[in-house]
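Comments concern the structure below.
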Amino acid sequence: MNLLSALRGALSSLILAAALATTSSPALAQTAYEAALPPELGTAAALCDYVPCAEVLPGATSFSERKGRPPYVEAYAEENGQRKLVGYVMLSTDITDTPAYSGKPVVTLIGMNTEGRFVGVKILKHSEPILLLGIPESALVAFNNQYLGKFVGDNIEIGRSRPDEGIIGLDAISGATVTVIAQNQVMMTSGAAVGRQVGILEPTVRPQARFVDGGRTLDWATLVAEGAVRNLKVMPEQVGLQRSATPFIDLWFGYLNHPEIGRSILGEAGWRALMARLAEGEHAVFVIRSGGNESFKGSGFVRGGIYDRVQIRQGQDAFTFRDLDYLNLYGVNAAGAPAFNESAIFIVRSSAFSGAFPWKFIFLGNRVDRETGARTFANFDTEYWLADRHLEGGRPEVIKPDAPWVKVWKARALEIGLFAALLVAVAVVYANRDALTRRSTRKNKWPVNAFKYTFWVISIGFVGFGLLAQPSITQVLTWFHSLLFQWQWELFLTDPFIFLFWIFIILTTFVWGRGLFCGWMCPFGSLSELIYKVAGAIGLKRFQFALPMKWHNRLKWVKYGVFFALLAVSVFSMGLAEMLAEVEPFKTTFLVGMFNRAWPYTLFVAVLLGLSIFIERPFCKYLCPLGASLAMPSTFRWFGLKRKQECNSCKACAVGCGSLAIDEHGRIDHRECMHCLDCMVLYTDEHACPPLAQERKRRTKAGLPLTPIGADGYYIPIKPVPAAKA
Amino acid sequence: MNDAKMTPVEAMPDPSRRKFLNTAAFAGLAGAGLSVGLSACNKETAAPAAAPTAAPTPAAAAAAGHNSVHLKPGELDTYYGLWSGGHTGDFRVLGLPSGRELHRVPCFVPDALVGWGITNESKAIMGTKPDGSLRYTVGDTHHTHASYKDGNYDGRYAWINDKINSRIARIRLDYMICDKITELPNVQGFHGIFPDKRDPVDPAINYTTRVFCGAEFHIPLPNDGRDLESPEKYRTLFSCVDAETMEVRWQVLIDGNCDLAATSFDGKLAATNQYNTEGGVHYEGMMSAERDACLFFNIARIEQAVKDGKFTTFGTSKVPVVDGTRASNTDPKTALVGYVSVPKNPHGVNASPDGKYFICAGKLSPTATVIELSKVLEWFDGKLDDLDKSIVAEVEIGLGPLHTAFDGRGNAYTTLFLDSQIVKWNVDAAIKFHAGDKNAQYVVDRLDVHYQPGHINASQSETMFADGKWLCVGCKFSKDRFLPVGPLHAETEQLVDISGEKMVLMADHPVRPEPHDFIIFKRELLQPKQVYDINEFPLAVKDAKEAGVFRDGNKVTVKITSMAPAFEPREFKLKLGDEVTIILTNLDKIEDLTHGFAIPKYNINFICNPQETKSVTFKADKPGVFWCYCTHFCHALHLEMRSRMIVEA
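Residue numbers (the numbering used here), protein chains in the order written: chain A, 1 to 726; chain B, 727 to 1375.
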């Protein structure tokens, strides 16, 4: 195990070093990409001994230790010899573990003055590949600077300002939408969490619950069935430990203020005694540990008086427990309750909490990276909401703020609709390709090409440059890893166009093969072939050529090599794989723009597109790892292109196959085919398809009628109708 | 040794064991100051012992299937035990079944840990002489009982007696501190104590409002130098203390003395057993009568008499004293008290959890006397001609019966001091036996304990909710049960599992001498507070900014706050001869973060719990630098937590 990881570490650092050596520039060393943070950062009380707090709170000269829950530090300035509170500094990862595009958080140090206005933002560490290569980190710094002077209580969103809705817009970074959406969430969540603690933001007051008391005393199974008791289980692998069947911690919890639940858990006398201890607006929640060896109490409460492993969250409000908010839970009365070896009654002392509304019980854990031993914040929660039958009038209506991805879908609904319509249109057109190819002839392919070229232009202009929806091999790698480790729909849903595009890609690849995406819809592929077609049309045809089949058949394997190399590297280092994925010119072409990048990238794109003048789709044929990854499943497409018996020997269409996908036996390689449909045009062209032409001539000579061409590509045979029986 | 004078007892109920233990038993009795025979009680035939007592205790075998007394780390006890501390003068809290001592609450005597008797607040509770010094520094606590509501403990208070100086202390069970001490007037040897369980008249008062206190020793009334050589004029009083105000409500002048006390669940009756009806001044005189008594008090009638002004007072005491002598209470219909005769120097009177019976243990008689309360009430109503007809059983159970506990299943468990045994006997069967059914097997089981048991109590035994789980017995001698630590031995509190038919001895818990009585109840019944409420202290220094030295002539007040790891102020200056009062508020709010405050050479140390305020007053009579330091470990910088007291010459 250790040997393996050491090997892996050595290998990845070697590759990284090699990669850096080739692209190295002095600025790179200064970036926050995977910057090493002091190990004490997550735990040390004196946060500002380890990070430059003064940089985000100009004017502050001294800082308190971490305080509060979630933690922050107070910043002080000397004024006339007096220490004066000037603001608060918070570390984003103390407050939220919102992941960015990389799946890891952007560790941000945030300064906020006493009025609740942001006064400084500093990225301490990020793992965003797009910011390593492509978009300069300064873009994120510029993005963050938009927060300066803005109030934490404002409604700040990515996109246009909408004053009528009270929304302040921030300019996004093109090509790094996921990153900035995550960053906005981090900024606003962190600011609000501290703002609420220090009194800048008003606490929410929720109407208190009115309980239905049917006088029932419930057993454990009923409590669980009614959702009155809920489970929160964390498995070892979720916190980076060795996978095991034994849970890391297995907790049950429930809300005791409700008379039926309270009585069932504590017994009548116990419940009454507990309620007598609670003041108005106080709430009791019980917790038992029925499995696992991890303690939910920990020992933090001994020194600091605060239980640092459990928390309750309702809406934006987090409720933590002090030692004085803890009472012994001596036993669970409900019949059938599991045995437990740790227990507590925690008291929420705030009327901001209400039993009528949903809330979450949160276990605050740490995920240990087994390679580095580094600990990162990992929260696990289970939602709790009293059932309709427990509440007078049932559950109140709750308007939950939309998740970031929902906001994106709503904000771009029109474009999403158009894009979806486009995808459907492409599929419908292709599904009816037979009608189009029959209308076309070798001389006149416009019935097919009119559609195809239209889609090309749309995909280059609207999809590529407009929506930046250029699918990439990095997504394949990310999914591959997500499948292996942790699948987060939210992350993928944050980019609706890519999300829809991939649904299209996956479906069409298995139905027809990858050619429909690659040949009709891929923005870069379309651009590449359009250049080739335009160049041909404007008189450069004589310079255009295809590689000899011998070489083509060798070189076409290169793209598979590229794909598997990336996949292999990604196992060791996703970051490095993302870097190496620059073999795709997509980022430079669409996401960032050719003139926004360092010259080697621009040159690379220029070469590829320049080559496209002379060779049809050189990148697609030989380099594209995305194409390679889609080519393999294309082997299993449901509907291929049609062939007839003579195709084995005739090979007339192979001559015109721009993709060089028809071999010497006349077979179409669906892994290489771009679905240009040229061969399908020939298939029913009675003048161009040799077997058909031959038959046409024979029938014409014999004075036989030319019947329509059947689905099998032949004239419908003339069968003499047998004479009617006398 | 005077055991040479002992007369062997004939016809013992349990010969085999008796022979074996004879000498030791009497030696023990001799040690207790008794040197004469126990002959009076053995005329009757031996009690039908259900189980031969010499049979070995089935401890190990039966232990399987019983709850362990050994808790895993982090596991909590299921019962609280409140213990008296004997002449250490304190009150103790134990966790059961583990037997771990969790707390000692100082009350009657000074305590160096918390500064009880050092701080002004504790001195005010303990009582001081005109010069400010403590009036008493010794105490002897015997019995503790807690307040009731609806027949169960309500977790408000416990009370404890001081036999030496006749004081009663109240323990607040929320903070586990002593908050009031009352000295009873005109009594000596205050021994038995019991709170009532509800009001005899007002049904709305379903909780404790009175505490009854019995006095053992006969003294002249008032004891101001009169009647010194006229013992026949010595008297004892039975006292009633108000549970809230802790003032003595009334007293009853009685014939004979008071020993232990009991109260009925209906609130109507209180009782005390009497071992010295003779009024003897030496033990021979005290044990001359064959029968002594159990004395019943009709609470409603006594209070009506007080209301009607039918009382007197003694000496400087303003407490009304009603007449409870036999001569004045001959007519049952108006009697304030009734005397039920009980054999020879009884000890212990215990109320059964079903509310029906009081049981007196015979001590010098091997019997237990079961008195039916409804019959006592009938006598007070004039419906029973002879009060002794309320005795529904008087059965032999063994030698030297002292105290009785109950399991809520109809069984009584009585300590046999001389037999070093517990006898489990069935009350209903005993009543049948007494009524003439000689086949009734009332003794269920016997268990050897180690050694010479005094008090006994079972979980929830003194409530209507006796649960029959655990029995604890306070053995007065431990002898060989623990590692030897010199001539003074720990006492043995032995824990017995009584959930089954047979008693199973589960554990020996050593206790520092010398607890007497105790009660055991479910942990759910107590809800102690975690920290103090700063607003409960009028002197509280609520902010470190309020700390400092405040001078008024030579009277100096130093207000100090503590917040780990610092005192505020960190130094303060005094002048020689100043009369100094230090007020310390512990501003830490973290549970368990207690600070101490010691002043070297000034003989001062006390602790301040989170959010608590305490004060001390002393004369700055030594010049120099004195490092006041935190004595109660609090923080990594505990040793650095100091304040410099500078006394300028």
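All residues carry an ideal CB built from backbone N, CA and C; glycine is no exception.
**Study point:** Cβ-Cβ separation, residue 932 (chain B) to residue 924 (chain B) (assumed contact under 8 angstroms), whole Å
**Key:** Going by Cβ atoms, the distance from residue 924 (chain B) to residue 932 (chain B) rounds to 5 angstroms, so yes, they are a contact pair.
Check your understanding: In the DSSP assignment, what are the bridge partners of residue 670 (chain A)?
Key -> None, per the DSSP bridge assignment.
**Study point:** Cβ neighbour criterion (16 or more within 10 Å) applied to residue 428 (chain A)
**Key:** exposed
**Study point:** Length at least 4, wholly inside the region 1087 to 1149 of chain B: the alpha helix (DSSP H) runs in chain order
**Key:** Runs found: 1099 to 1106.
**Study point:** Spatial neighbours of residue 333 (chain A) in its chain, beta-carbon cut-off 7 angstroms, leaving aside the 5 residues before and after
**Key:** 264, 265, 266, 267
Review point. Skipping 5 residues on each side, what residues in its chain have a beta carbon closer than 6 angstroms to that of residue 1288 (chain B)?
Key: 1312, 1321
Review point. Residues of chain A with a CB under 7 angstroms from the CB of residue 1257 (chain B): which are they?
Key: 324
Point to revise | Limits of the alpha helix (DSSP H) - the one that residue 1353 (chain B) falls within | key: First-last for residue 1353 (chain B): 1350 to 1355, but that is the beta strand (DSSP E), not the alpha helix (DSSP H).
Point to revise | Whole runs of the beta strand (DSSP E) within the region 985 to 1056 of chain B, excluding any shorter than 3 residues | key: Runs of the beta strand (DSSP E) lying entirely within the region 985 to 1056 of chain B, each at least 3 residues long, are 987 to 989, 995 to 1000, 1017 to 1024, 1047 to 1050 in chain order.
Point to revise | Exposed unless 16 or more other CB atoms sit within 10 angstroms - verdict on residue 655 (chain A) | key: exposed
**Study point:** Whole-angstrom distance between residue 1040 (chain B) and residue 948 (chain B), CA atom to CA atom
**Key:** 6 angstroms
Point to revise | Continuous beta strand (DSSP E) assignments of at least 3 residues falling wholly in the region 218 to 287 of chain A | key: 229 to 234, 249 to 255
Review point. In this structure, does DSSP put residue 902 (chain B) in helix, strand or coil?
Key: coil
Review point. Shortest alpha-carbon distance to residue 370 (chain A) belongs to which of A:691, A:688, A:240, A:70?
Key: A:240
Check your understanding: To which residues of the same chain is residue 423 (chain A) closer than 6 angstroms at the C-beta, ignoring the five residues directly before and after it?
Key -> 504
**Study point:** residue 155 (chain A) burial status per 10 Å Cβ neighbour count (16 or more: buried)
**Key:** exposed
Exercise for review: Using a Cβ cut-off of 7 angstroms, pull out every chain A residue sitting near residue 1253 (chain B), in sequence order please.
Suggested key: 273, 277
Review point. Applying a beta-carbon distance threshold of less than 9 angstroms, which residues of chain B neighbour residue 330 (chain A)?
Key: Near residue 330 (chain A) (Cβ distances below 9 angstroms), the residues of chain B are 802, 804, 1248, 1249, 1250.
Exercise for review: Please confirm if the region 404 to 423 of chain A is in contact with the region 319 to 336 of chain A, defined as three or more CB-CB distances below 8 angstroms between the two stretches.
Suggested key: no
Exercise for review: Alpha carbon to alpha carbon, how far is residue 895 (chain B) from residue 1309 (chain B)? Give it in angstroms, no decimals.
Suggested key: 25 angstroms
Point to revise | residue 1391 (chain B) vs residue 886 (chain B) beta-carbon contact at 7 angstroms | key: Shown here, chain B extends from 727 to 1375; a query on residue 1391 (chain B) therefore has no answer.
Review point. So, do the region 906 to 921 of chain B and the region 935 to 942 of chain B have three or more beta carbon pairs nearer to each other than 8 angstroms?
Key: Because the criterion of three Cβ pairs below 8 angstroms is met, the region 906 to 921 of chain B and the region 935 to 942 of chain B touch.
Practice item. Please classify residue 971 (chain B): is it buried, with 16 or more other beta-carbons within 10 angstroms of its beta-carbon, or exposed? Key: The residue in question, residue 971 (chain B), is exposed, as its Cβ has fewer than 16 Cβ neighbours within 10 Å.
Practice item. Using 10 angstroms around the beta-carbon of residue 1355 (chain B), count the other beta-carbons present and answer buried if the total reaches 16, otherwise exposed. Key: buried
Check your understanding: Who are the neighbours of residue 270 (chain A) on chain B, taking C-beta pairs under 7 angstroms?
Key -> 1250
**Study point:** Contact check, residue 83 (chain A) vs residue 76 (chain A), beta carbons under 7 angstroms
**Key:** yes
Review point. When we look at the beta-carbon of residue 857 (chain B) and count the other beta-carbons within 10 Å, is it buried (16 or more) or exposed?
Key: exposed
**Study point:** Partners in chain A for residue 1317 (chain B), counting only beta-carbon separations shorter than 7 angstroms
**Key:** Result: 305, 323, 324.
**Study point:** With 16 other Cβ atoms within 10 Å as the buried cut-off, status of residue 1205 (chain B)
**Key:** exposed
Check your understanding: Who are the Cβ neighbours of residue 601 (chain A) in its own chain at under 6 angstroms, not counting the five residues just before and after it?
Key -> Within its own chain, the residues whose Cβ lies closer than 6 angstroms to the Cβ of residue 601 (chain A), once the five positions on either side in sequence are excluded, are 588, listed in chain order.
Exercise for review: For residue 1329 (chain B), count neighbouring C-beta atoms within 10 Å of its own C-beta (all shown protein chains included) and say buried if the count is 16 or more, exposed if not.
Suggested key: Exposed is the label assigned to residue 1329 (chain B), since fewer than 16 other Cβ atoms lie within 10 Å of its Cβ.
**Study point:** Buried or exposed by the 16-neighbour rule on C-beta atoms within 10 Å, applied to residue 440 (chain A)
**Key:** buried
Check your understanding: What's the gap between the Cα of residue 425 (chain A) and the Cα of residue 464 (chain A)?
Key -> 17 angstroms
Review point. CA-CA distance, residue 776 (chain B) and residue 1318 (chain B)?
Key: Because residue 776 (chain B) sits at a pLDDT of 41, beneath the cut-off of 50, its placement in the model cannot be relied upon, and the following sentence gives the value as read from the coordinates. Each residue's alpha carbon lies about 52 angstroms from the other.
Check your understanding: Cβ of residue 845 (chain B) within 6 angstroms of any heavy atom in the ligand NAD?
Key -> Ligands in the displayed structure: none, and consequently the ligand NAD is not present.
Point to revise | Simplified DSSP state of residue 849 (chain B), which is helix, strand or coil | key: helix
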